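Chains as they are written, first to last, in my numbering: chain A, 903 to 1305; chain B, -3 to 484.
Even glycine gets a Cβ: it sits at the ideal position worked out from N, Cα and C.
Here the structure is a predicted model, which means the values were calculated and not measured.
One structure below.
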């Protein structure tokens, strides 16, 4: 692999979905140092390039799921393998997923082999859960160590949604005050603030509009209130889940906010999502809202392409659906060079045997930062181990160890 | 006089009570007088003897399809081994059942017949889900609606999911829109013996009884593994805290069930005895609802469905079943079934599982995508179940996913095999394969018309018929079934 890295890799003859224009039939992609150095039909292939023929295959950017907890959870029901919540209170803006992220998680290669190369990893719990991060699924180094803060609004069993929203606003107001008066604060010459210094430090770049604020929110009334506040304070807002967002599609577009949603969420699951509908993505896109499709899963991020296919069933074009799991999440997360294929983009590429959204299509290869990824993963090893049941298998009672 | 096979005839009950009362109050002379005075039988709501044969019918009768419907110009995927696929086929449903089907040309239009041009779409049987909590864990998910787990005792075999079922669950209509026509609703897995499940047809109804699949056996839902020990051991420091405790309680309960069955069997054989020359009724054993369900299992009248993930625990459950003489119809979830597929094939136990769920608990850690494929290859009756209001809307996709996972890994498998995961095989596990699950003459008119092959991610139902009645049409927007969704 490292030897190959030094070489140019040339992927030749595939149908390339660059997500920047029409697909390129029988195109060529050159990969150098983990980046795409050229893409098109009339590309000179360097003599020493490692050439891979892809005739009949489809090439897309690596898929991006913008809402997962990969690397934070091994087994949901085993508490000590579950690092999603800070456990330190309702407002823990200082909590960072990069401090918990486990690049060796057995879940990661299982998702990767289905074409997912990049994910947003998010904390959960409380009003402000902490800072999310973007990872390519090939190592411990984050693409973006702090991709923004994660918060949650809506109905809960104790206390009003209004009081929570007030607390969020107060936190941001205080962060701004704190930012302007840091010196007096350090000298203990400033009035007491509601939030701790650690929280204020973490909120400040979001309150200043430099980092994103991701809010899990579903009810239309909450979305309206959030939008008004975000516009007023110039906050970069991403609405997540957003079951009733379609009712405010124009307002969201005007506010410059974007939406991460689950296209299968079509039922009134609770009193925040009474008006859920399956074609919400279509309505939002028609209004000009950037929409990313997510599985909202961790163990099964691999179904991302199926989820995009379901959005096609409810009105998206195939291209829009593919964009919603490549280019759009790339843009929504502020990534430069993820989710599309162009000169200089990160060489996260997936080679498919056919339509990427169809079950019949297999993933042939996955490249992350120019490196071909192994196809092995724990489930595959289990499959191979039990492909044949041996006579000495424990199920036959001999007690011998399965080969 | 007493009908020994059919349980207590109401008039017989009146007679026996008459005798008892007569003896106590001393009226009448001898034992014969009440017999001759027997009046018109009074209906008995709660009979003394299981099985419950006298439970009143549903208030709502299912409406029968009037006239006939013919769908033509479709590729028919029958899920029937004798004739898996009919190109350019047609099917005629009459009076709620499949009257005829075949390749083109379609027969001439019958009087008043509705005809649909399938436009090269695909016809399949209505989909069947062996594991649903629709109605017992309905939407919206609020505590006040959560009626699927009676977690007050690890043994609640006498309770019945159909008596918690909320027919206004918005999930029902959505399942039908996904091509599902029959489901088994089950209690949850918090208890070792969680209660009885029921098989329902997804007609819009005001009560579960009106949806009950005619003559389908109820289920006993059992659960092994983490859930009961978490609920009782971890949650309450009560038994079972360990798998040892789970098996102990199960065994203890089956022992009681056998005694209970024996007592009733004895009583059925000897309901009267001669005392001082008078024929006296024998007091029946005390009715116990938990044991009654289990006695019906031992009589083969209720199907056992066991929530079980791990291979070793499934083998334990098989041992228990042999020990007490009952059959397990299906292991549910069973993510490790592939490890013991030889045993499962030999024992004839079906497996109801997902395409790809895994990792939410440690007992679900060894799931593989090829589970259904490997089971099928080994001759196990493999079933794709959903256990989910989301998954039940796309059972065809889940089957397609598992099918291709197998094929891409070199497992020998046909699309016909995989279609049976969501049609014929679940019907076998529910004991209704003679009535639904495949398309052949005389079976229920449960049919789905898809706009393309159901294993495409883009495929959508165009028409869903249940008992010959159109319950979903993509061409027609209807008001929501659920009152909950009205005016929102």
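- When secondary structure is reduced to three states using DSSP, residue 1288/A falls in the coil class, being assigned neither helix nor strand.
- DSSP links residue 918/A through a beta bridge to 926/A, 961/A.
- Scanning its chain for C-beta atoms nearer than 7 Å, with the 5 sequence neighbours on each side dropped, one finds around residue 1111/A the residues 1136, 1137, 1138, in chain order.
- Excluding its 5 nearest sequence neighbours in each direction, residue 147/B has C-beta neighbours in its own chain below 6 Å: 186, 227, listed in chain order.
- Non-local C-beta neighbours of residue 1129/A in its own chain, meaning closer than 8 Å and more than five positions away in sequence, comprise 1139, 1150, 1153, 1154, 1157, 1159, ordered along the chain.
- Residue 1054/A: member of the beta strand (DSSP E) spanning 1044 to 1054, first to last residue.
- According to DSSP, residue pairing for residue 268/B in a beta bridge involves 277/B.
- Excluding sequence positions up to five before and after residue 450/B, its CB lies within less than 7 Å of the CB of 118, 120, 392, all in the same chain and listed in chain order.
- In terms of Cα proximity to residue 67/B, the closest of 313/B, 279/B, 84/B, 162/B is 84/B.
- Taking a contact to require three or more Cβ pairs closer than 8 Å, the region 1237 to 1244 of chain A and the region 909 to 923 of chain A qualify as touching.
- At a cut-off of 8 Å between C-beta atoms, residue 978/A counts as an interface residue with respect to chain B.
- The DSSP-derived three-state label of residue 415/B is helix.
- Exclusion of the five residues before and after residue 407/B leaves 366, 369, 370, 373 as the residues of its chain whose Cβ lies within less than 7 Å of its Cβ.
- For residue 71/B, the uninterrupted beta strand (DSSP E) segment begins and ends at 64 to 73.
- Per DSSP, reduced to three states, the secondary structure at residue 282/B is coil, with no helix or strand assignment.
- At a cut-off of 8 Å, the C-beta of residue 452/B has a neighbouring C-beta in chain A.
- DSSP places residue 403/B inside the alpha helix (DSSP H), whose first and last residues are 391 to 404.
- Not a single CB atom of chain B sits nearer than 8 Å to the CB of residue 986/A.
- Chain order gives the chain B residues near residue 1166/A as 386, 389, 390, where near means a beta carbon separation below 8 Å.
- With contacts defined by Cβ atoms closer than 8 Å, residue 436/B and residue 74/B form a contacting pair.
- Contact of residue 335/B with chain A is assigned, a C-beta pair being separated by under 8 Å.
- Sequence-ordered contacts of the region 330 to 355 of chain B with chain A read 334, 335, 336, 337, 338, 339, 352, 353, 354, 355 [C-beta pairs closer than 8 Å].
- In this structure residue 1205/A touches residue 1197/A by the C-beta definition: roughly 6 Å separates them, less than 8 Å.
- Identification of residues in the region 390 to 407 of chain B having a C-beta nearer than 8 Å to some C-beta of chain A yields 390, 393, 396, 397, 399, 400, 404, 405, given in sequence order.
- For residue 167/B, the chain A residues whose C-beta falls within less than 7 Å of its own C-beta are 1169, listed in chain order.
- In this structure, the straight-line span from the alpha carbon of residue 114/B to that of residue 1055/A is close to 46 Å.
- Taking 8 Å as the threshold, the shortest C-beta distance from residue 137/B to chain A falls below it.
- The count of Cβ pairs closer than 8 Å, one atom from the region 167 to 185 of chain B and one from the region 123 to 132 of chain B, reaches three, so the stretches are in contact.
- Nearest Cα to residue 1256/A within the set 957/A, 1172/A, 946/A: 957/A.
- Taking a Cβ-Cβ cut-off of 9 Å, the neighbours of residue 1202/A in chain B comprise 352, 353, 354, 355, given in sequence order.
- A distance below 8 Å separates the beta carbons of residue 278/B and residue 267/B.
- Residues 1067 of the same chain have their beta carbon placed closer than 7 Å to that of residue 1127/A, with the five preceding and five following residues left out of the count.
- Taken in chain order, the members of the region 295 to 309 of chain B whose beta-carbon sits within less than 9 Å of a beta-carbon on chain A are 307, 308.
- Partner residues in the beta bridge of residue 218/B, as assigned by DSSP, are 189/B, 302/B.
- Residue contact with chain B for residue 1248/A: absent (no Cβ-Cβ distance below 8 Å to any residue of chain B).
- Within the region 1142 to 1161 of chain A, no residue has a Cβ lying closer than 9 Å to any Cβ of chain B.
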